[in-house]
Amino acid sequence: MITTRIPGRATAIVMAFATLGVAGLLAAAPALAANSVTVEAAKPSVVGIDYTCESTAGVAGIDAMVGDPNADRPAATGTQTAVTCDGSPHTATIALTPMPGETPLTSGTPVQVRVALVDQSETVVSGTAKLLTLD
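Under the numbering used here, the letters of the sequence shown match residues 4 to 138, in that order.
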């Protein structure tokens with residue numbers, strides 16, 4: 004049987020790099036979590052959300068889609084372009100516009116609400132979906 008010894012200095016170097024790697028991940032965690040959006044409430048004509056975004060995220064607006072959870076397209080959509088990205092929590096109310104040919108939304112209806120922070124090219128920076136009943 005052959006045994007290999009790792010010299011103490013090599014072990015110390017490996018441990019130092021591992022510690023730096025873990026420290027880097029922990030420091031990056033708040034930056035990764037800085038862009039978020041959550042649905043707080045929804046009515047047939049509006050969606051209320053909470054959001055946070057960093058100024059460097061490139062967020063240009065918030066898009067919302069609401070509809071039957073089993074449908075292949077939304078019943079209503081909305082966009083909010085007045086966003087404040089400074090790393091602090093903010094709230095927004097997004098007005099919904101019914102989609103042509105879709106049944107209008109009514110109170111008491113179970114729906115899926117999808118909201119997303121988007122950049123200038125409509126690429127999602129951060130998004131979420133929530134099932135709820137319209138107020």
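Even for Gly, the Cβ is constructed at its ideal location relative to N, Cα and C.
Small disclaimer: the values here were computed from a predicted structure and weren't measured.
Inset, instruction - Label Arg117 either buried or exposed according to how many other C-beta atoms from any shown protein chain fall within 10 Å of its C-beta, with 16 as the threshold for buried. - result: buried
Inset, instruction - Please state if the CB of Leu120 and the CB of Ala78 are separated by a distance shorter than 8 Å. - result: no
Legend entry - Cβ-Cβ separation, Ile65 to Ala95 (assumed contact under 8 Å), whole Å: 6 Å
Legend entry - Backbone CA spacing between Thr97 and Cys56 [nearest angstrom]: Inspection of the sequence shows that residue 97 is occupied by Ile rather than by Thr. Cα-Cα distance, rounded: 17 Å.
Legend entry - Beta-bridge partners of Gln83, as assigned by DSSP: Ile65
Inset, instruction - Drop a sphere of 10 angstroms on the beta-carbon of Ala139, count the other beta-carbons inside from all chains shown, and report buried for 16 or more, exposed for fewer. - result: Only positions 4 to 138 of the chain appear in the structure, and residue 139 is not among them; the question remains open.
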